[in-house]
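Numbering of the sequence shown is given in the UniProt record's numbering, commencing with residue 1 and proceeding in unit increments.
Just so you know, even glycine gets a beta-carbon here, dropped at the ideal spot from N, CA and C.
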Amino acid sequence: MDFKVLLADDDPAMRLVMRKIVEKSDGFAIVGEAEDGAEAVEKAAELQPDVVFLDVEMPKLTGVEAARKISEEVPGAAIIIATAHAQYMPEAFEVYATDYLIKPFKVERVLQTLSKLRIMFEKRAADAAAGRQKLLLRNHDGMILVDVGDIIFIRREEGITEIHTTDGVYTTGDSLNKIWEKLNPSLFMRSHRSYIINTSAVKMIYPFGRWTYLVKFKIGEGDALITREKFEELQSVLEG
């Protein structure tokens, strides 16, 4: 099965060039095209593409504005920003763009990007088939795939979400609500408005104020908070 590509550029000639390049790359198929940013958002929501190429300077919504909306509608999509102006690069990575193409770009440069994406998508599919769920995180460095089974706890603080795992701490701008929707509630608990915990990783729980408890884990030095109500719920889970 081919991975789905959406092209968005207000220049028909540039869309034709991109179409020819994508057709040269095995494993990808164009499922739609858009001539402005608003149409790109609408088609992304409808088509759920794996890859979105966005020109920066488009009518109605810029590529950066469209990227923000598309990343909400299609969290797993790889967003590629294309423009003739390098000054937009910082904005592109603020919306967690996977790559940034400066026009005029070489065909080989785009094919290289698609080749890397194909490897990433195929690995994601293989992990899913093997029952190894991955959590896709976006940050200023690009995209990170984290094994859900390695997550100890997740904390949201001052607009940044920290994912504490067995092999390190990863950060993303994604909200706890957005991440919680992707997790299995039989393994994880929303213990506090600022925390999600892996219930199987809990080692000790201490009183921490009148209505809150402190959670210590089997691995790592970090800790989490749990409300009194959720503590009672966790007790019943752990006691079977």
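- Supposed close pair residue 6, residue 47 - CB separation, criterion 8 Å: Within the sequence shown, numbered from 1, the residue matching residue 6 stands at position 6. Within the sequence shown, numbered from 1, the residue matching residue 47 stands at position 47. Distance from residue 6 to residue 47 at the Cβ level is roughly 6 Å; contact confirmed, criterion being Cβ atoms closer than 8 Å.
- Query: Hey, residue 83 and residue 56: beta-carbon distance below 7 Å or not?
  - Reply: For the purposes of this step, residue 83 is taken as residue 83 along the sequence shown, with counting starting at 1. For the purposes of this step, residue 56 is taken as residue 56 along the sequence shown, with counting starting at 1. Cβ distance < 7 Å, so residue 83 and residue 56 count as in contact.
- Message: The beta strand (DSSP E) that contains residue 210, what's its start and end?
- Response: Here the question's residue 210 lines up with position 210 in the sequence shown. Counting along the chain, residue 210 falls outside any beta strand (DSSP E), and DSSP gives it neither H nor E.
- Message: Tell me the DSSP secondary structure of residue 117 in three-state form.
- Response: The residue given as residue 117 occupies position 117 in the sequence shown. For residue 117, the three-state secondary structure derived from DSSP is helix.
- Message: Check this for me: beta carbons of residue 37 and residue 61, under 7 Å apart or not?
- Response: Counted from its first residue, the sequence shown places residue 37 at position 37. Counted from its first residue, the sequence shown places residue 61 at position 61. Contact flag set, yes.
- Query: In three-state DSSP terms, what is residue 70?
  - Reply: Residue mapping note: residue 70 aligns to position 70 of the sequence shown, counting from 1. DSSP places residue 70 in helix when its eight states are reduced to three.
- Message: Could you give the first and the last residue of the continuous alpha helix (DSSP H) run that contains residue 5?
- Response: Taking the first residue of the sequence shown as 1, we reach residue 5 at position 5. Unbroken run through residue 5 is the beta strand (DSSP E), 3-8; no alpha helix (DSSP H).
- Message: Does residue 28 pass the burial test, meaning 16 or more other C-beta atoms within 10 Å, or should it be called exposed?
- Response: Your numbering for residue 28 matches position 28 in the sequence shown. By the neighbour-count rule (16 or more Cβ atoms within 10 Å), residue 28 is buried.
- Message: Quick test of the definition: if touching needs 3 or more C-beta pairs under 8 Å, does the stretch 144-153 touch the stretch 195-204?
- Response: Contact annotation: the stretch 144-153 touches the stretch 195-204, with at least three C-beta pairs closer than 8 Å.
- Task: Determine the contact status of residue 44 and residue 54, defining contact as a CB-CB distance below 7 Å.
- Result: The count along the sequence shown starts at 1 and reaches residue 44 at position 44. The count along the sequence shown starts at 1 and reaches residue 54 at position 54. No, the Cβ-Cβ distance between residue 44 and residue 54 is not below 7 Å.
- Query: I think residue 50 touches residue 153, with their Cβ atoms under 8 Å apart; what is that distance to the nearest whole Å?
  - Reply: For the purposes of this step, residue 50 is identified with residue 50 of the sequence shown, where counting begins at 1. For the purposes of this step, residue 153 is identified with residue 153 of the sequence shown, where counting begins at 1. That pair is no contact at about 30 Å.
- How is the alpha helix (DSSP H) around residue 58 delimited, first residue to last? What you label residue 58 is simply residue 58 of the sequence shown in a count that begins at 1. For residue 58, no alpha helix (DSSP H) encloses it, and the DSSP letter there is neither H nor E.
- Alpha-carbon to alpha-carbon, residue 138 and residue 98: In the sequence shown, residue 98 corresponds to position 98, counting from 1. In the sequence shown, residue 138 corresponds to position 138, counting from 1. Their Cα atoms are separated by approximately 9 Å.
- Query: Run through DSSP, which three-state label would residue 183 get?
  - Reply: Locating residue 183 in the sequence shown gives position 183, counting from the first residue. In this structure, DSSP gives residue 183 a state outside helix and strand, which the three-state scheme calls coil.
- Under three-state DSSP, which class holds residue 231? Along the sequence shown, one-based indexing puts residue 231 at 231. The three-state secondary structure of residue 231, taken from DSSP, is helix.
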